[in-house]
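Quick mapping for you: the protein sequence lines, in order, are chains A and B.
Its first residue numbered 95, the first sequence is counted upward by one per residue in the numbering used here.
Its first residue numbered 81, the second sequence is counted upward by one per residue in the numbering used here.
Note that beta-carbon positions come from the ideal geometry of N, C-alpha and C, so glycine has one too.
Every value quoted in this text rests on a predicted model; they were computed, and no experiment measured them.
Working notes for the structure below.
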Amino acid sequence: MKRLPENKSVTNDFPNRRIETRRGFLGSMSCGIAGIALTHLIGSGSGTHAADTSLSGRVSFPGRPAKAKRVIHLFQSGGPSQLDLYDPKPQLKNQHGKELPASVRKGQRVTTMTSGQESFPTASSYFDFTRHGQSGGEFSEAIPHIGSIADDICVIRSMHTDAINHDPAITFFQTGFQLAGNPSLGSWLSYGLGTDNEDLPAFIAMVSHRGGQPLYDRLWGSGFLPTRHQGVKFRSQGDPVLYLNNPPGIDSSLRRHMLDQIAGLNRQGFARDQDPEILTRIAQYELAFRMQTSVPDLTDVSGEPESTFRLYGEDARKPGTFAHNCLLARRMTERGVRLVQLFHRGWDHHSGLPKNLRARTAQTDQASSALVLDLKQRGLLDDTLVIWGGEFGRTVYCQGKLTPKVYGRDHHPRCFSVWLAGGGIKPGMIYGKTDDYSYNVAENPVSVHDLHATILHLLGIDHHKLTFKFKGRHFRLTDVEGNVLDRILG
Amino acid sequence: MTFLEAARHLAQRTIVEGGTMVGDRVRFGFFRVLSRNPDQQEAHTLIQSVKHSLEYYRSSPEKTASLLKQGQSSVSQELDPSELAAYTVFASILFNLDETLTRK
Chain A
95 MKRLPENKSV TNDFPNRRIE TRRGFLGSMS CGIAGIALTH LIGSGSGTHA
145 ADTSLSGRVS FPGRPAKAKR VIHLFQSGGP SQLDLYDPKP QLKNQHGKEL
195 PASVRKGQRV TTMTSGQESF PTASSYFDFT RHGQSGGEFS EAIPHIGSIA
245 DDICVIRSMH TDAINHDPAI TFFQTGFQLA GNPSLGSWLS YGLGTDNEDL
295 PAFIAMVSHR GGQPLYDRLW GSGFLPTRHQ GVKFRSQGDP VLYLNNPPGI
345 DSSLRRHMLD QIAGLNRQGF ARDQDPEILT RIAQYELAFR MQTSVPDLTD
395 VSGEPESTFR LYGEDARKPG TFAHNCLLAR RMTERGVRLV QLFHRGWDHH
445 SGLPKNLRAR TAQTDQASSA LVLDLKQRGL LDDTLVIWGG EFGRTVYCQG
495 KLTPKVYGRD HHPRCFSVWL AGGGIKPGMI YGKTDDYSYN VAENPVSVHD
545 LHATILHLLG IDHHKLTFKF KGRHFRLTDV EGNVLDRILG
Chain B
81 MTFLEAARHL AQRTIVEGGT MVGDRVRFGF FRVLSRNPDQ QEAHTLIQSV
131 KHSLEYYRSS PEKTASLLKQ GQSSVSQELD PSELAAYTVF ASILFNLDET
181 LTRK
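Have a look at this one:
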């Protein structure tokens, strides 16, 4: 473990690097923590594979002990309804069908999907809520398994976001900015903390459920950080990583020979034009070589005992399901992957919400709670932070047809719920409050920047200090905002 | 697979059109892919590599056969299979260089 001098902030100002090409210029700024690894890389140019191992350079942040070493983010893409899952408003039963009071909406913008509606009738939840555990948190009947771990998790009911549509909202949640082009959380973590397993990527993304809002590879992209920090997406069917096997007629000794020749020639190229992206390529080829062994070992769940599948559910046997991805997430976590991000699509319930919500919870409820329980029984929950939630919430007013059993809800950025577990989070807690309509935050608002600041804090990182100079300023995951939520820390 | 097949075809051209000496062939293939001549060190690396691969495939006709079987296009019967396999590996190395894949 390398240590920074106390007086040095973690930035990428390395003044004496050569600037020749545009890429070289951009690349010359790619230093900082990664830059420390980079200097090792450059220094080790003559060795055959020395380039590879130095990428792990984890740097500690002075005086900031990390509670969490790694993160699993169970991203529920589309915007799960807080009103039907985590934020009960039983008194709204009496308001069902009645117009949402103007004093609640306060003229705030709505999306063009409902702005043309003649009325905004209140839709109370079809679901009953019950109290769970010693902590007595209330959870919807649609998520009994998550309810059963009430004492292990902290539900934040007062999240809010700036964006009202999917793409900017997901981009904001992933990168701290609504516009594309900034590094995602996992890339910042890879950049700031390095990897604990040189045989796997530090940041892995997996997608489940066909249909729903599209997701793009840039959501786990590294933005302006060196590209070695981008997330690697594992495919949901067939080979998790394409072209990982050697073709017939090339065995691993010849593959090794080829990679050595390629690396040698690429290093000559680097000596010529100083483009640090060449070093990334060398390192990624080496990582791919090691992944030829590590990935099959990671993804082969045939050795898991029956108890695993009882815990996660039978779905966990089927590649491509959320449950299977949760199981893989646990296996990745055991192997030291820094951030595993699962994206489950299909939470965008503009219509037929009760039925559609049930379909999603049937796919996610048991496995989400199983993951927390499994990490706990393996002693991993203490230093693994689990996050569950989407990019925004849903409106209390109905979109489209309204009956007691049928209603839809539009996008709602002003309040939504997420939950966190492990990694230094106070368990068995409900944090924040919404108003009577779950429309505005009433108490303890939590912005996306606040959540990001808290995540970094738990990982031992001061969110003000983890920066990267780009376009003349020091960019952060939290932009110029973000307050650590001290009250949810254990 | 397409990549591998393309490598085999570049290998074929390299053997047929690139002269008879390893050094000439290496320069021929290199120029086809990168539009420049290799410097001395690059040429040396690649010549040694071709020799290594040639030895590898000469000692294993099965590996040679299974490599050349990949892809849909037909394989020239007039060429020495182990030589074709060795230059296929050579072409694959060229295709995977940073300079080949990155436009500067």
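- By the criterion of a C-beta distance shorter than 6 Å, ILE372(A) is surrounded in its chain by ASN360, GLY363, PHE364, once the five residues flanking it on both sides are discounted.
- When the five nearest sequence neighbours on each side are left out, the beta carbons in the same chain lying within less than 7 Å of the beta carbon of HIS506(A) are those of PHE486, GLY487, ARG488, THR489, in order along the chain.
- LEU348(A) has a beta carbon lying within less than 8 Å of a beta carbon in chain B.
- Annotation: the continuous beta strand (DSSP E) that includes TRP513(A) extends over 510 to 515.
- For TRP482(A), the enclosing beta strand (DSSP E) covers residues 478 to 483.
- Leaving aside the five residues that flank GLY99(B) on each side, the residues in its chain whose CB is nearer than 8 Å to its CB run, in chain order, ARG105, PHE108.
- SER171(A) carries a coil assignment under DSSP once its states are collapsed to helix, strand and coil.
- Inside the stretch 228 to 296 of chain A, DSSP marks whole alpha helix (DSSP H) runs of 4 or more residues at positions 238 to 242, 260 to 269, 279 to 287, from first to last along the chain.
- Taking a 10 Å sphere around the C-beta of ASP369(A), we find 16 or more other C-beta atoms and assign the residue as buried.
- Note on geometry: alpha-carbon atoms of THR216(A) and SER197(A) lie some 14 Å from one another.
- For the stretch 323 to 343 of chain A, the residues whose beta carbon sits under 9 Å from a beta carbon of chain B are, in order, TYR337, PRO341, PRO342, GLY343.
- As for any beta strand (DSSP E) of minimum length 3 sitting wholly inside the stretch 355 to 429 of chain A, there is none.
- For GLN92(B), there are no neighbours in chain A by C-beta distance under 8 Å, as the nearest C-beta there is about 16 Å away.
- Contact check between the stretch 307 to 324 of chain A and the stretch 425 to 432 of chain A: fewer than three CB pairs, one atom from each, fall below 8 Å, which does not count as touching.
- TYR525(A): member of the beta strand (DSSP E) spanning 523 to 525, first to last residue.
- At a cut-off of 8 Å between beta-carbon atoms, MET385(A) makes no contact with chain B.
- The beta carbon of ARG350(A) sits closer than 8 Å to those of PHE383, all from its chain and outside the five residues before and after it, given in chain order.
- Per DSSP, ARG203(A) is not a residue of any beta strand (DSSP E), being assigned neither H nor E.
- Spatial neighbours of SER252(A) in its own chain (CB-CB distance under 8 Å, excluding positions within 5 residues in sequence) are listed in chain order as CYS509, TYR525, GLY526, LYS527, THR528, VAL535, ALA536, GLU537, ASN538, PRO539, VAL540.
- Beta-bridge pairing by DSSP links PRO215(A) to GLU193(A).
- For SER462(A), the three-state secondary structure derived from DSSP is helix.
- In chain order, GLY227, GLN228, SER229, PRO521, GLY522 place their CB closer than 7 Å to the CB of ASP245(A), counting only its own chain and leaving out the 5 sequence neighbours on each side.
- C-alpha of ILE243(A) to C-alpha of ALA464(A): approximately 9 Å in a straight line.
- Between the alpha carbons of ALA417(A) and PRO195(A) lies a gap of roughly 41 Å.
- For ASP504(A), the uninterrupted beta strand (DSSP E) run begins and ends at 503 to 506, by DSSP.
- The beta carbon of TYR491(A) sits closer than 7 Å to the beta carbons of LEU194, PHE214, PRO215, THR216, ALA217 from its chain, once the five residues preceding and following it are set aside; these are given in chain order.
- In the DSSP assignment, the residues bridged to MET300(A) are PHE328(A), LEU436(A).
- Within the stretch 148 to 179 of chain B, contact with chain A at the beta-carbon level (separation under 8 Å) is assigned to LEU148, LYS149, GLN150, ALA165, VAL169, SER172, ILE173, ASN176, LEU177, ASP178, GLU179.
- Our two residues, PRO295(A) and SER284(A), have alpha carbons roughly 9 Å apart in a direct line.
- Around ALA263(A), the same chain offers THR255, ALA257, GLU485, PHE486 as residues with beta carbons nearer than 6 Å, after the five sequence neighbours per side are excluded.
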